[in-house]
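Sequential numbering from 84 applies to the first sequence in the numbering used here.
Glycine included, every Cβ here is placed at the ideal spot set by N, Cα and C.
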Amino acid sequence: MSNDNTPAKNAIRVRFAPSPTGFLHIGSARTALFNWIFARHYGGTFLLRIEDTDLTRSEARFLDEIMTDLKWLGINWDEEPIHQSKRFDVYRASAEELVKAGRGYREGEAYIFKMPGARVIEVNDMIHGKVSFNTNDIKDQVMIKSDGSPAYNFCCVVDDAYLKVTHIIRGDDHLSNTPKQILFYEALGLKAPEFGHMPLIMGADGAKLSKRHGGVSVEEYKREGYLPEALVNYLLLLGWSPGDNREIMSLDEAVKIFDSKNMNSVQAKFDLQKLRWMNGEYIAKKGSGELLPLIKEQLKVSGRGEGVSEELLLKLTDLYKIRMKTLAEFVPATDHFFGDNYSIDEKAVEKHLKPAESKAILREFTDRIEKAGNFSAASLEEMCRAMAEEKKIKAGQIIHPTRVAISGKTTGAGLFEMMEVLGKAKVVERMRKAAS
RNA sequence: GGCGCUAUAGUCUAGCCCGGUUUAGGACGUCGCCCUCUCACGGCGAAGACACGGGUUCGAAUCCCGUUAGCGCUACCA
Numbered sequence: 084m085s086n087d088n089t090p091a092k093n094a095i096r097v098r099f100a101p102s103p104t105g106f107l108h109i110g111s112a113r114t115a116l117f118n119w120i121f122a123r124h125y126g127g128t129f130l131l132r133i134e135d136t137d138l139t140r141s142e143a144r145f146l147d148e149i150m151t152d153l154k155w156l157g158i159n160w161d162e163e164p165i166h167q168s169k170r171f172d173v174y175r176a177s178a179e180e181l182v183k184a185g186r187g188y189r190e191g192e193a194y195i196f197k198m199p200g201a202r203v204i205e206v207n208d209m210i211h212g213k214v215s216f217n218t219n220d221i222k223d224q225v226m227i228k229s230d231g232s233p234a235y236n237f238c239c240v241v242d243d244a245y246l247k248v249t250h251i252i253r254g255d256d257h258l259s260n261t262p263k264q265i266l267f268y269e270a271l272g273l274k275a276p277e278f279g280h281m282p283l284i285m286g287a288d289g290a291k292l293s294k295r296h297g298g299v300s301v302e303e304y305k306r307e308g309y310l311p312e313a314l315v316n317y318l319l320l321l322g323w324s325p326g327d328n329r330e331i332m333s334l335d336e337a338v339k340i341f342d343s344k345n346m347n348s349v350q351a352k353f354d355l356q357k358l359r360w361m362n363g364e365y366i367a368k369k370g371s372g373e374l375l376p377l378i379k380e381q382l383k384v385s386g387r388g389e390g391v392s393e394e395l396l397l398k399l400t401d402l403y404k405i406r407m408k409t410l411a412e413f414v415p416a417t418d419h420f421f422g423d424n425y426s427i428d429e430k431a432v433e434k435h436l437k438p439a440e441s442k443a444i445l446r447e448f449t450d451r452i453e454k455a456g457n458f459s460a461a462s463l464e465e466m467c468r469a470m471a472e473e474k475k476i477k478a479g480q481i482i483h484p485t486r487v488a489i490s491g492k493t494t495g496a497g498l499f500e501m502m503e504v505l506g507k508a509k510v511v512e513r514m515r516k517a518a519s
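In structure tokens, the structure reads:
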């Protein structure tokens with residue numbers, strides 16, 4: 084599953100080479116992540132190269148977004164990124180050199196690399212082990228296109244050599260490109276780096292990852308309320324395993340124990356359920372204070388919570404963080420705390436508020452709590468239990484109608500905590516309305 | 001079609017390199033029970049896998065071959 088091309092310490096240089104023609108794809112993020120971890124583990128250098136050779140499709144806003152998302156994930160780079168769009172003359176010079184040396188030819192404005200006669204190219208892949216290709220199966224390769232822009236496989240080699248990249252970890256979709264690139268290294272008189280090809284991430288149905296699988300870009304997950312720690316942790320486990328049964332782990336921990344030998348060579352399906360579970364774990368474990376700014380962001384996007392005190396938000400965060408899989412779930416779950424315009428579960432109303440018996444119980448409970456001086460969760464619960472005892476009914480017969488009356492829902496935080504947070508006036512008002 | 005990669009439960013995986021210690025371990029999901037005012041959390045438990053066929057061997061999830069299936073490349077996309 085692996086070979087012995089383990090890098091010497093401090094000497095390794097890796098790169099992540101995004102193309103700014105769209106948002107940061109979840110698969111690209113994973114590639115960046117593994118390169119970064121590899122570099123950090125060996126004390127090497129992690130570089131960024133911008134592959135913007137497609138001048139018409141490349142946009143500055145995409146590049147900004149990609150860099151923002153990388154940082155958000157916790158991936159930082161060590162040197163100023165280089166842009167391929169600024170190096171067209173370098174690629175042309177190299178292509179010119181190969182043509183002059185008889186390794187290629189011109190075809191109009193284009194520079195083409197001539198495939199050598201039958202030869203076997205062997206790649207000692209860090210993940211797959213030995214893989215071999217026959218040059219007979221590969222046709223002549225374009226180096227510089229007619230429009231003057233370089234072809235991917237060619238400028239990739241020129242730049243990786245220029246950047247002194249020692250290890251290339253990338254997706255399996257590049258495995259078949261590797262012999263072509265090795266031939267370029269040879270022709271240019273350069274030493275080829277080590278290669279490691281990670282299996283691609285597929286959607287749940289085995290098809291290419293797409294929107295309907297839950298999102299393809301990091302930005303979408305960020306917006307949905309996923310924590311970077313959770314996304315990174317999940318991506319880490321997709322194609323790599325520490326060897327023991329550890330699952331929840333920080334980036335720092337992963338850097339420490341990382342070993343490319345444990346990288347998997349099997350394509351993996353993206354499982355949104357597991358990501359959601361993991362995200363829930365991270366949310367629940369975070370301090371409410373840490374979560375607060377993120378919760379505020381969610382509220383802001385939804386247009387709720389304006390002018391609400393920090394204290395109340397903190398309290399709600401505390402009550403609900405254990406019930407959320409994503410931050411985005413906070414708003415619909417707590418809408419009844421932010422004004423009277425909240426969603427109502429009609430089926431719940433039918434079941435718990437419609438019966439005359441429920442209304443009577445609700446009225447009685449309302450009368451009791453209205454008279455009470457203390458509106459704390461503990462004393463409310465005491466009153467509820469006492470009333471149940473007196474009336475020879477189950478506490479649930481009071482609790483369920485009350486919950487629906489004040490929240491419109493059958494789910495959520497503990498009833499008495501909710502009542503305390505909402506306050507006496509609001510609670511009594513909603514209960515009277517429901518009982519009428 | 002050609003070339004390449006891959007193949008443990010619905011999903012991610014451990015075990016495979018160095019064959020016996022495996023009644024194949026863990027996690028998500030599913031189901032059941034407990035806790036409980038609901039939901040969630042937590043606890044306990046259950047169902048569920050070595051793709052198929054040959055071979056090597058006393059013995060194969062582990063090694064070899066084939067078949068099948070999935071994916072990738074086969075662009076003057078990256």
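Which of the three DSSP states, helix, strand or coil, is assigned to residue i?
{"i": "THR400", "result": "helix"}
{"i": "GLY347", "result": "The sequence given here has Asn at residue 347, not Gly. Coil, per DSSP."}
{"i": "LYS294", "result": "helix"}
{"i": "SER141", "result": "coil"}
{"i": "TRP323", "result": "strand"}
{"i": "TYR520", "result": "Nothing in the structure corresponds to residue 520, since the chain is present only between 84 and 519."}
{"i": "VAL206", "result": "strand"}
{"i": "LYS507", "result": "helix"}
{"i": "PHE420", "result": "helix"}
Return the chain-ordered list of same chain residues with a C-beta closer than 7 Å to the C-beta of residue i, the five sequence neighbours on each side being excluded.
{"i": "ILE405", "result": "ALA367"}
{"i": "ALA337", "result": "ILE120, LEU319"}
{"i": "ALA115", "result": "PHE99, LEU153, ILE158"}
{"i": "ALA518", "result": "LYS442, LEU445, ARG446, THR449"}
{"i": "LEU505", "result": "PHE420, ILE489"}
{"i": "ASP172", "result": "none"}
Measure the C-alpha to C-alpha separation of residue i and residue j and round it to an integer number of angstroms.
{"i": "GLU364", "j": "LYS352", "result": "21 Å"}
{"i": "LEU396", "j": "PRO415", "result": "14 Å"}
{"i": "TYR425", "j": "VAL248", "result": "56 Å"}
{"i": "ARG96", "j": "LYS169", "result": "22 Å"}
{"i": "ASP256", "j": "LYS379", "result": "41 Å"}
{"i": "TYR125", "j": "ILE149", "result": "25 Å"}
{"i": "GLY157", "j": "GLU312", "result": "8 Å"}
{"i": "TYR268", "j": "LYS274", "result": "6 Å"}
{"i": "TRP360", "j": "LYS408", "result": "6 Å"}
{"i": "LEU334", "j": "ARG306", "result": "21 Å"}
{"i": "ALA201", "j": "ASP288", "result": "40 Å"}
{"i": "TYR317", "j": "ASN362", "result": "9 Å"}
{"i": "LEU314", "j": "GLN167", "result": "30 Å"}
{"i": "MET84", "j": "ILE265", "result": "In this prediction, MET84 has a pLDDT of 33, which is less than 50 and means its spatial position is unreliable; what the coordinates show is noted afterwards. If you take the alpha carbons of MET84 and ILE265, they lie about 21 Å apart."}
{"i": "ALA43", "j": "LEU375", "result": "Residue 43 is absent from the structure shown; the chain starts at 84 and stops at 519."}
{"i": "LEU283", "j": "LYS263", "result": "20 Å"}
{"i": "ARG486", "j": "LYS430", "result": "13 Å"}
{"i": "ARG515", "j": "CYS467", "result": "17 Å"}
{"i": "GLY110", "j": "PRO438", "result": "54 Å"}
{"i": "HIS280", "j": "ILE252", "result": "6 Å"}
{"i": "GLY286", "j": "GLY212", "result": "26 Å"}
{"i": "HIS250", "j": "PHE196", "result": "24 Å"}
{"i": "SER324", "j": "ALA94", "result": "25 Å"}
Please determine whether the Cβ atom of residue i lies at a distance below 7 Å from any heavy atom of the ligand GDP.
{"i": "GLU269", "result": "Among the components modelled here there is no ligand, and therefore nothing to report on the ligand GDP."}
Among the residues of its own chain, which have a CB less than 6 Å from the CB of residue i, if the five just before and after it don't count?
{"i": "SER141", "result": "PRO103, THR104, ASP135"}
{"i": "VAL214", "result": "VAL206, ASP208"}
{"i": "ARG513", "result": "ALA488, ILE489"}
{"i": "TYR520", "result": "Missing from the structure shown is residue 520; the chain here goes from 84 to 519 and no further."}
Kindly give me the distance between the Cβ atoms of residue i and residue j, rounded to whole angstroms, as I take these residues to be in contact under 8 Å.
{"i": "ILE452", "j": "LEU463", "result": "6 Å"}
{"i": "ASP161", "j": "PHE129", "result": "6 Å"}
{"i": "HIS108", "j": "SER300", "result": "6 Å"}
{"i": "GLY372", "j": "ILE427", "result": "The pair is not a contact, with the Cβ atoms about 32 Å apart (cut-off 8 Å)."}
{"i": "GLY520", "j": "LEU382", "result": "Residue 520 cannot be examined here, being either before or after the span of the chain that is shown, 84 to 519."}
Excluding the 5 residues flanking residue i on each side, which residues of the same chain have their C-beta closer than 8 Å to its C-beta?
{"i": "VAL511", "result": "THR449, ILE452, GLU453"}
{"i": "GLU302", "result": "PHE106, LEU107, GLU148, ASP152"}
{"i": "LEU246", "result": "ARG96, ARG98, LEU130, ARG132, ILE165"}
{"i": "GLN350", "result": "ASP255, PRO282, LEU283, ILE284, MET285"}
*asked:* Closer than 8 Å is the cut-off here; do at least three beta carbon pairs connect the region 98-106 with the region 238-248?
replied: yes
*Does the pairing of the region 481-497 with the region 414-428 give three or more beta-carbon distances under 8 Å?*
yes
*Per the contact definition of three or more C-beta pairs closer than 8 Å, is the region 322-330 in contact with the region 181-192?*
no
*Please determine if the region 295-302 and the region 220-230 are in contact, where contact requires at least 3 C-beta pairs separated by less than 8 Å.*
no
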